[in-house]
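Numbering (our numbering), first residue to last: 1050 to 1593.
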Amino acid sequence: MSSEEVENMETEADCEPTSVGFDGGVTGMPNGTVETSPVNEAKKIVLDHEEDSESQRVKKAEAKKSQGNTQYTLKNYKEAIKLYNEAIELCPTCASYYSNRAACYIMLGKFREGLEDARQTTRIDPNFLKGYMREAKCLLMLGDPSQAISTYQKVLQLDPNNQSVADELKVAQSVHHFETQAEGDMKKGDFRRAVFCLDRALDHAPQCTKFKIKKAEALALLGRHTEAHDVVSNILHVDNMNVDAMYVRGLCLYYQDNLDKAFAHFQQVLRLSPDHEKAKVAFRKAKSLRAKKEEGNSAFKAGRYQEAYDLYSEALRIDPHNVFINSKLYNNRATVGAKVNKLDQAIQDCTEAIKLDDNYLKAYLRRAKCYMDTEQYEEAVRDYEKVFNMERTREHKQLLSNAKLELKKSKRKDYYKILGVRKDASDDEIKKAYKKKALETHPDRHSSATPEEKAEQEKKFKEIGEAYATLSDSKKRVRYDNGQDIDDMDSPFSHDFDPNTIFQAFFGGGHGGGGQHFSFGGPGGGMGGPGGNPFGPGFTFQFG
């Protein structure tokens, strides 16, 4: 507000002396003469004295007003207020004094005091336009654009052609629109849109504490706790009893898992304002969330995994907006899932934790381990790379190396899986598995199958031979387990590998058992050599 806006950049007082009269006391006389008497003379002396006294008060008030205007021009608003106070004491029915003091309060950001003074001007003079203008400005800064609109409309009724007021009315209507939109967005949970609308409202009402607090609340619900905390802390620095700002700061602390301090803030709000509904709800949620989380932790430590899982699930339903605590709850539930071998569920919970906190190291480690256990090595490598980039420790480097090795090994044929045995299978288990698989897939057993089926069984038969040739040799098996490249191994891994050689060696030239009969001589229906014999000329294989 410019200094020109202060009343009495005019030179004369806006108030006239208050006339003092007495009932009766002066009577008309015939012939235009005035009756004189000792009583009337005394009354006249008193009246003249009071008029002189009133005139002196007005002059003194005007002098104080002039001094106040000077201080206002120098931006010494507090000093100006003191001088306007003195002017008001001398002449309490002068609208311009209240208007000038309202201007000072507005410049100091004391809009409630400014609003009261502005309203006093229009109570004294219902046609005092600047009083209405300042009233509307204060209403807008106090976050009441609806009342500001009504006040501007009053001004336009008094001065319909006032374009400046018409422009201010449009601003108030715009602020009202954005405030209404933000309230709807908050109810729908669209906090990002709410912040946008409140920013637009603050463009026109930058000193509006109400809008700042609403924006801070939306920021807190978006997880932008530092920004929200800064906004309300600045407000509390000026007004340390502002319960709404105090509530939002408590909300920030709650969402940052600083529950003890959050509790203290909510309790202070409720002491000052027992009916503060938002503080009641937040306090109740915070207490419930802490209790459920601690119960879940206790159940987990006691080995009651299903109970722990259920308690963490209950806790996750309490407050979807508390991303910091919920990320921990998801990771805790993932730990339970891994304990009871629900690895897919554990992976999903880790993923939810990471969505809420992209730098949650424990969740990445837990998910990577689950990926390793489910042989999803590419995913495990990605997670361990993220972990190593976050914390370059020797342990994390080793975990990443192990995952890369398993990924490399997984791209080869899995001979254990081909034979259907565990990775710690004994030599006897490997032999038994080979015998069973080789007999199941031998081409002679599928001589009447379609060409496609024959080709598929021949492929399996060859892979089974490769697997046995490697795993039955202790040195080759060790090298295979260590992930050495196939090309570096002196093994049958070549395109001209003949599985029939392994088969013949295993069955010792035909002394099979279990109803199996081996005979030599005559063409067979196999997959190699003249006549299609898989073992070459002179060897046949029959199933009894």
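C-beta: ideal position from N, C-alpha, C; glycine also.
Alpha-carbon to alpha-carbon, lysine 1435 and lysine 1404
What you label residue 1404 is simply residue 355 of the sequence shown in a count that begins at 1. What you label residue 1435 is simply residue 386 of the sequence shown in a count that begins at 1. Their backbone Cα atoms lie some 14 Å apart in a straight line.
Nearest-angstrom beta carbon gap, tyrosine 1465 and glutamate 1515 [assumed within contact, 8 Å]
Indexing the sequence shown from 1 puts residue 1515 at position 466. Indexing the sequence shown from 1 puts residue 1465 at position 416. Between tyrosine 1465 and glutamate 1515 the Cβ distance is about 12 Å, and since that is not below 8 Å, they are no contact.
State the start and end residues of the unbroken alpha helix (DSSP H) segment that holds phenylalanine 1177.
The count along the sequence shown starts at 1 and reaches residue 1177 at position 128. Element bounds for phenylalanine 1177: n/a, residue is neither H nor E.
What residue from Asp1234, Ala1221, Met1235 and Lys1236 has the CA that sits closest to alanine 1250's CA?
To locate residue 1250, count along the sequence shown from 1; it is residue 201. Of Asp1234, Ala1221, Met1235 and Lys1236, the residue nearest in Cα terms is Ala1221.
What are the start and end residues of the alpha helix (DSSP H) that includes arginine 1416?
To locate residue 1416, count along the sequence shown from 1; it is residue 367. Unbroken alpha helix (DSSP H) run through arginine 1416: 1410 to 1422.
Option nearest lysine 1310 by Cα separation, candidates Glu1326, Lys1453, Ala1331 and Tyr1147
For the purposes of this step, residue 1310 is taken as the residue at position 261 of the sequence shown. Taking only the C-alpha atoms, the option nearest lysine 1310 is Ala1331.
Threonine 1142 lies in the alpha helix (DSSP H); which residues open and close that run?
Within the sequence shown, the letter at position 93 stands for residue 1142. Premise fails: threonine 1142 is in no alpha helix (DSSP H) and is neither H nor E.
Please report the distance separating the alpha-carbon of isoleucine 1173 from that of threonine 1275.
Within the sequence shown, numbered from 1, the residue matching residue 1173 stands at position 124. Within the sequence shown, numbered from 1, the residue matching residue 1275 stands at position 226. Near 47 Å, if we compare the C-alpha coordinates of threonine 1275 and isoleucine 1173.
How is phenylalanine 1542 classed by DSSP in three states: helix, strand or coil?
Along the sequence shown, read from residue 1 onward, the residue named residue 1542 stands at position 493. In this prediction, phenylalanine 1542 has a pLDDT of 47, which is less than 50 and means its spatial position is unreliable; what the coordinates show is noted afterwards. Three-state DSSP puts phenylalanine 1542 in coil, outside helix and strand.
Inter-residue spacing [alpha-carbon to alpha-carbon] between methionine 1156 and lysine 1259:
Within the sequence shown, numbered from 1, the residue matching residue 1156 stands at position 107. Within the sequence shown, numbered from 1, the residue matching residue 1259 stands at position 210. Distance between the alpha carbons of methionine 1156 and lysine 1259 is about 18 Å.
Does the Cβ-Cβ distance between leucine 1139 and alanine 1167 come in under 8 Å?
Mapped onto the sequence shown, residue 1139 falls at position 90. Mapped onto the sequence shown, residue 1167 falls at position 118. Taking 8 Å as the Cβ cut-off, leucine 1139 and alanine 1167 do not qualify as a contacting pair.
Chain D contact for aspartate 1234 (CB, 8 Å cutoff)
As a matter of chain content, chain D is missing from the structure shown, which is built from one protein chain.
Can the beta-carbon of tyrosine 1181 be found less than 8 Å from the beta-carbon of lysine 1203?
For the purposes of this step, residue 1181 is taken as the residue at position 132 of the sequence shown. For the purposes of this step, residue 1203 is taken as the residue at position 154 of the sequence shown. Yes, the pair counts as a contact, with Cβ atoms nearer than the cut-off.
Let me check understanding here. Comparing Cα to Cα, which of Gly1192, Asp1216 and Ala1215 lies closest to glutamate 1232?
In the sequence shown, the residue the question calls residue 1232 occupies position 183. Minimum Cα distance to glutamate 1232 is reached at Gly1192.
Helix, strand or coil at valine 1069 [DSSP, three-state]
Locating residue 1069 in the sequence shown gives position 20, counting from the first residue. Residue placement at valine 1069 is flagged as unreliable, the pLDDT there being 26, under the threshold of 50; the coordinate-derived value follows with that caveat. Valine 1069 sits in coil when the DSSP states are folded into three classes, being neither helix nor strand.
Leaving out the 5 sequence neighbours to the left and right, which residues in its chain are closer than 7 Å to alanine 1357 when beta-carbon positions are compared?
Residue 1357 sits at position 308 when you count from the first residue of the sequence shown. The residues are Gly1345, Ala1348, Phe1349 and Val1385.
Outcome for proline 1209 when other beta-carbon atoms lying within 10 angstroms are tallied against a minimum of 16
For this step, residue 1209 is matched to residue 160 along the sequence shown. With fewer than 16 neighbouring CB atoms inside 10 Å of its own CB, proline 1209 falls in the exposed class.
Cβ separation of arginine 1106 and alanine 1151, assumed to be a contact under 8 Å, to the nearest whole Å
The sequence position of residue 1106 within the sequence shown is 57, counting from 1. The sequence position of residue 1151 within the sequence shown is 102, counting from 1. Arginine 1106 to alanine 1151, Cβ: 22 Å. No contact.
Glycine 1192, DSSP secondary structure in three states:
Reading the sequence shown from its first residue, position 143 is the one you call residue 1192. Three-state result, glycine 1192: coil.
If you draw a straight line from the C-alpha of histidine 1491 to the C-alpha of glutamate 1502, how long is it?
In the sequence shown, the residue the question calls residue 1491 occupies position 442. In the sequence shown, the residue the question calls residue 1502 occupies position 453. Approximately 12 Å between the Cα atoms of the pair.
Taking the alpha carbon of glutamate 1428 as the reference point, which residue from Leu1456, Ile1137 and Tyr1409 has its own alpha carbon closest?
Reading the sequence shown from its first residue, position 379 is the one you call residue 1428. Closest by alpha carbon: Leu1456.
Flag this pair as yes or no: are the beta carbons of isoleucine 1262 and aspartate 1293 separated by less than 8 Å?
Within the sequence shown, numbered from 1, the residue matching residue 1262 stands at position 213. Within the sequence shown, numbered from 1, the residue matching residue 1293 stands at position 244. Their beta carbons are under 8 Å apart, which means isoleucine 1262 touches aspartate 1293 by this criterion.
Just to confirm before moving on: does the CB-CB distance between arginine 1382 and threonine 1400 stay below 8 Å?
On the sequence shown, residue 1382 is found 333 positions in, with the first residue counted as 1. On the sequence shown, residue 1400 is found 351 positions in, with the first residue counted as 1. No. Outside cutoff.
Report yes if the CB atom of asparagine 1371 is closer than 8 Å to the CB atom of leucine 1392, and no otherwise.
As a first step, residue 1371 must be located in the sequence shown, where it is residue number 322. As a first step, residue 1392 must be located in the sequence shown, where it is residue number 343. No; because the gap between Cβ atoms is not below 8 Å, this pair is not in contact.
Within this structure, are the beta carbons of isoleucine 1396 and tyrosine 1420 separated by less than 8 Å?
What you label residue 1396 is simply residue 347 of the sequence shown in a count that begins at 1. What you label residue 1420 is simply residue 371 of the sequence shown in a count that begins at 1. Contact flag set, yes.
Close-in-space but distant-in-sequence residues of the same chain around glutamate 1424 (CB under 7 Å, 5 per side omitted):
The sequence position of residue 1424 within the sequence shown is 375, counting from 1. Closer than 7 Å at Cβ, skipping near neighbours: Ser1459.
Quick one, which of Leu1270, Pro1323 and Asp1324 has its alpha-carbon nearest arginine 1298's?
Along the sequence shown, one-based indexing puts residue 1298 at 249. If we check each option's Cα against that of arginine 1298, Leu1270 comes out closest.
Considering Cα atoms alone, identify which of Ser1282, Asn1283 and Thr1200 is closest to alanine 1215.
On the sequence shown, position 166 is the one that residue 1215 refers to. If we check each option's Cα against that of alanine 1215, Thr1200 comes out closest.
Taking buried to mean at least 16 other C-beta atoms within 10 Å of its own C-beta, is threonine 1519 buried or exposed?
If you number the sequence shown from 1, residue 1519 lands on position 470. With 16 or more other Cβ atoms within 10 Å, it is buried.
DSSP-derived helix/strand/coil call for arginine 1474:
Numbered from its first residue, the sequence shown carries residue 1474 at position 425. The sequence given here has alanine at residue 1474, not arginine. Three-state DSSP puts alanine 1474 in coil, outside helix and strand.
Cutting at 7 Å between CB atoms, please list the residues of its own chain near leucine 1302, excluding the five before and the five after it.
Along the sequence shown, read from residue 1 onward, the residue named residue 1302 stands at position 253. Here the set comprises Lys1310, Ala1311 and His1314.
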